[in-house]
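Residue numbers (the numbering used here), protein chains in the order written: chain A, 667 to 830; chain V, 1262 to 1400.
All residues carry an ideal CB built from backbone N, CA and C; glycine is no exception.
Here is the structure we will look at.
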């Protein structure tokens, strides 16, 4: 029996993808800077609302620009299930829950740390079982070591701010 | 307090869930399409929530600086990139490396802004994260 792709020893994290993931995380820092500026002037809910609104317009323009360049017939033929269009619901709920928790006795520091735990637990479960149509890929030892170091460093940095 | 811990934990899980769902949509369309639908559907949900609570246009909105308005456009690239990455790195490493990038840039921003924080903890955190990223690349 051939090995499952997810367990193939040749599978490696390509440097391009790692750099892209790091840069995307950097983008998140800028987004949070911008969104918290809007939240300070209005509210977390309105800040997220405007971010989603302006984002919809920009993404629509980007799609139009891409479509004009793309040849007909190169698009995927399979149709995504309806629920696959609902990622935004989850994103919208995140904002509401996070602002509620950050205003409680957990404060921002506690909310971030616990949120990180929730994020990682579900990601590990998704990867181990291959959820929602994304390929299953058992995390390897080096992935877990990397993840552990990143999480430990992150908790230190969050804590460093909380004590500042 | 335990209720709030649960809320914060679920909020974190929703980040992963959203990325997984968007990644699935991207498999059958494109990363940019998944980003578009993510933003449009999120906007509709938030518009209803805003209507029910704060009203559509709070008074401070007009006075907000330009910086406050660029989060959404940046988010388009953020979601598209996440959708592209999740099929390639998996949920764990996509999330982990994004957190790494967020923290490294966050510390740089904190230092640039002169924000109060314990410096040795920040630097030790940065070293741990850099080591973790290196460990993920190493064969």
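beta-carbon residue i near the ligand FAD non-hydrogen atom, thresh 7 Å
i                       : result
residue 1356 of chain V : You won't find the ligand FAD in this model; it holds no ligand whatsoever.
Collapsed DSSP secondary structure at residue i in the structure displayed
i                       : result
residue 1331 of chain V : coil
residue 802 of chain A  : coil
residue 1318 of chain V : coil
residue 755 of chain A  : helix
residue 1326 of chain V : coil
residue 693 of chain A  : helix
residue 686 of chain A  : helix
residue 1375 of chain V : coil
residue 1272 of chain V : helix
residue 1299 of chain V : helix
Contact check, residue i vs residue j, beta carbons under 8 Å
i                       : j                       : result
residue 1302 of chain V : residue 763 of chain A  : no
residue 791 of chain A  : residue 1396 of chain V : no
residue 707 of chain A  : residue 1325 of chain V : yes
residue 835 of chain A  : residue 1367 of chain V : Absent from the model: residue 835 of chain A. The displayed extent of chain A is 667 to 830, so no value can be given.
residue 1342 of chain V : residue 690 of chain A  : yes
residue 1266 of chain V : residue 780 of chain A  : yes
residue 1329 of chain V : residue 700 of chain A  : yes
residue 800 of chain A  : residue 1312 of chain V : no
Exposure label - residue i; buried when at least 16 CB within 10 Å
i                       : result
residue 1309 of chain V : exposed
residue 1383 of chain V : buried
residue 795 of chain A  : exposed
residue 1264 of chain V : exposed
residue 1294 of chain V : buried
residue 1380 of chain V : exposed
residue 1377 of chain V : exposed
residue 1327 of chain V : exposed
residue 1399 of chain V : exposed
residue 782 of chain A  : buried
residue 753 of chain A  : buried
8 Å Cβ cutoff, residue i in contact with chain V
i                      : result
residue 687 of chain A : yes
residue 767 of chain A : yes
residue 795 of chain A : no
residue 711 of chain A : yes
residue 730 of chain A : no
residue 615 of chain A : Absent from the structure is residue 615 of chain A, since the part of chain A shown begins at 667 and ends at 830.
residue 690 of chain A : yes
Contact with chain A by residue i, beta-carbon distance below 8 Å
i                       : result
residue 1263 of chain V : no
residue 1372 of chain V : no
residue 1269 of chain V : yes
If contact is defined by three or more beta carbon pairs under 8 Å, each pair taking one atom from either stretch, is the segment 1281–1294 of chain V in contact with the segment 1334–1349 of chain V? yes
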